[in-house]
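Have a look at the structure below, then the notes.
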Amino acid sequence: MALEKVMDPTKIATLPIIGKPPANEKEEKHLKEICEYEFYNSEEPGVTIQFPYGSTKNNFTFTLKHGEKYKVPRHVARHLESCTTPIYWWKSNGAGAMVKTLKGIKSRFQMRPVFV
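For the sequence shown, position 65 matches number 200 in this note's numbering, and the numbering has no gaps at all.
Set out below in structure tokens:
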């Protein structure tokens with residue numbers, strides 16, 4: 136079920152921008168623009184996710200299915216793509232102790248833009 140069938144696009148446009156605030160009005164307008172994306176769950180392919188987005192008084196719980204297309208604001212897509220899992224590596228420090236170091240990060244979700 137596509138998102139535009141679930142909620143009013145004017146309600147989506149009122150959701151606040153979470154994370155890094157926009158530097159100016161032009162960037163804010165760009166982030167609030169509603170675009171079509173295809174959602175991919177890289178962490179658990181094929182699994183539907185639900186996540187709340189917004190502030191305490193102005194929020195919405197999104198339900199996204201792997202491989203489906205949705206119309207969402209760019210700031211919601213940016214938030215989903217910023218969700219990552221750290222990858223740690225254990226190695227010896229030479230004195231017999233093991234040290235945990237960050238090897239990299241793994242993206243949990245992808246929001247691929249759909250171009251017509």
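Virtual Cβ for every residue (Gly too), placed ideally from N, Cα, C.
No experiment lies behind these values; they were computed from the predicted model shown.
Residues of the same chain with a CB within less than 7 Å of the CB of V182, apart from the 5 flanking positions on each side, are N176, H201 in chain order.
CA-to-CA, the gap between H210 and I153 works out to about 7 Å. Taking a contact as a CB-CB distance under 8 Å, the pair L150 and N193 counts as one, their CB atoms being some 6 Å apart. Scanning G189, P221, G231 for the CA closest to the CA of K238 turns up P221. Every unbroken stretch of the beta strand (DSSP E) spanning 3 or more residues and falling wholly within the segment 195 to 248 is given here in chain order: 204 to 208, 219 to 227, 233 to 242, 244 to 248.
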